[in-house]
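Input: a single structure, listed below in structure tokens.
There are 2 protein chains.
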Amino acid sequence: MKIRIREAQKSDMPDVISLIKELAEFEKEPDQVEIDSTILINDGFEENSYFKCFIAENNDCIIGAAIIYNRYSTWKGRTIHLEDLIVTEKMRANGVGTLLLDKVVNYAKKLNVKRVSWEVINWNKKAIKFYLNKGALIKQDWSIVHLDNNALKNYI
Amino acid sequence: MKIRIREAQKSDMPDVISLIKELAEFEKEPDQVEIDSTILINDGFEENSYFKCFIAENNDCIIGAAIIYNRYSTWKGRTIHLEDLIVTEKMRANGVGTLLLDKVVNYAKKLNVKRVSWEVINWNKKAIKFYLNKGALIKQDWSIVHLDNNALKNYI
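Chains as they are written, first to last, in our numbering: chain Z, 11 to 166; chain C, 11 to 166.
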């Protein structure tokens, strides 16, 4: 196995959307993915760049991805958010997740940001253990709030 | 009382940092605010623009603020994150929070984003009730994860 981590290009987005869908299925929310590779290309590589993506390759085959973007903490200043850290199921437990997270952390350090944040589904104990081992904290005292598309439409 | 909501300018940042500190005290984390108004000006109004800020004024006195920025959902596409929604204590329960949230929601609708997200501290039942009344969902099944500045430094 020869794993390489590199920055994603437009042409990788069909593979990346497959990974996103695989993760959504794993998270028991397969119908929640409402975007496609065209939207990813438009939003990540065209006029605007709403995210940055690193991919993991094994012999030129894409087996994982990390999708990140800037956030801003009014306590700490600039931060990086890791939206997804995905390794395709059959390639898990080979250290690919660590290589991707290493890349994200090195990138965050280079930018001198004060935090890398992400979100984890509560029953994914394996992921939580992995994150805790990396020095991350689970913020038990805070909750995520969403005003979703329907709520936005109905908002008065 | 004559409340006006407008986009913040550089010169508002000293008042905004006071509001941020007031909220951090209310959240029992007064020592967590590590930035100042100079950093806010640099990060919001100079070369880069990592956030956007709306403020609420009562007779030219700043009494509240909403700080937002872009995020990106690999399920929904572009979203807006509301980092802070602050109303100074003595001006609460006058509808100022609603006016600020309205402004954020209208802005999000104009951009056609699919979600507005934020975070709430679990014991702030008043805030949670306010958000639920606006149609927001508390994501009970997901947790926030932080790799903070120390963890980044110690990350191997």
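Heads up, the beta-carbon is just placed ideally off N, CA and C, and yes, glycines get one too.
Per DSSP, the beta bridge partners of F64 of chain Z are Z:E17, Z:A76. Under the three-pair Cβ rule at 8 Å, the stretch 26–43 of chain Z counts as touching the stretch 64–75 of chain Z. Flagged as an interface residue toward chain Z: F61 of chain C, by a C-beta distance shorter than 8 Å. With a cutoff of 8 Å on beta-carbon distance, W128 of chain Z and L157 of chain Z are scored as not near each other.
Taking a beta-carbon distance threshold of 8 Å, Q42 of chain Z counts as an interface residue toward chain C. Taking CB atoms only, L95 of chain Z has no neighbour in chain C less than 8 Å away. DSSP, read as helix, strand or coil, puts I45 of chain C in coil. Taking CB atoms only, G87 of chain C has a neighbour in chain Z less than 8 Å away. At a cut-off of 8 Å between beta carbons, I15 of chain Z makes no contact with chain C. For E129 of chain Z, at least one C-beta of chain C is nearer than 8 Å to its own C-beta. Take K100 of chain C, set aside five residues on each side of it, and no residue of its chain has a beta-carbon closer than 7 Å to its own. At a cut-off of 8 Å, the C-beta of G107 of chain C has no neighbouring C-beta in chain Z.
In the DSSP assignment, the residues bridged to W152 of chain Z are C:I131.
Within the model, the alpha-carbon separation for A75 of chain C versus I51 of chain C is close to 15 Å. A direct Cα-Cα distance of roughly 11 Å separates V130 of chain C from L147 of chain C. Y79 of chain Z sits away from Y141 of chain C, with the two beta carbons spaced by 8 Å or more.
Straight-line measurement puts the Cα of L111 of chain Z at about 38 Å from the Cα of D22 of chain C. CA-to-CA, the gap between N159 of chain C and M11 of chain C works out to about 42 Å.
The C-beta distance from I77 of chain Z to D94 of chain Z rounds to 5 Å, short enough to meet the 8 Å contact threshold. Around K20 of chain C, the same chain offers I51, F55 as residues with beta carbons nearer than 7 Å, after the five sequence neighbours per side are excluded. Scanning chain Z for C-beta atoms nearer than 7 Å to the C-beta of A161 of chain C yields G145, A146, reported in chain order.
Here T108 of chain C carries a helix assignment [DSSP, helix/strand/coil]. A straight line joining the alpha-carbon of W152 of chain Z with that of Q42 of chain Z spans about 24 Å. Residue state for V123 of chain Z is assigned as coil, using DSSP reduced to three classes. Annotation for I96 of chain Z: the continuous beta strand (DSSP E) segment containing it runs 87–97.
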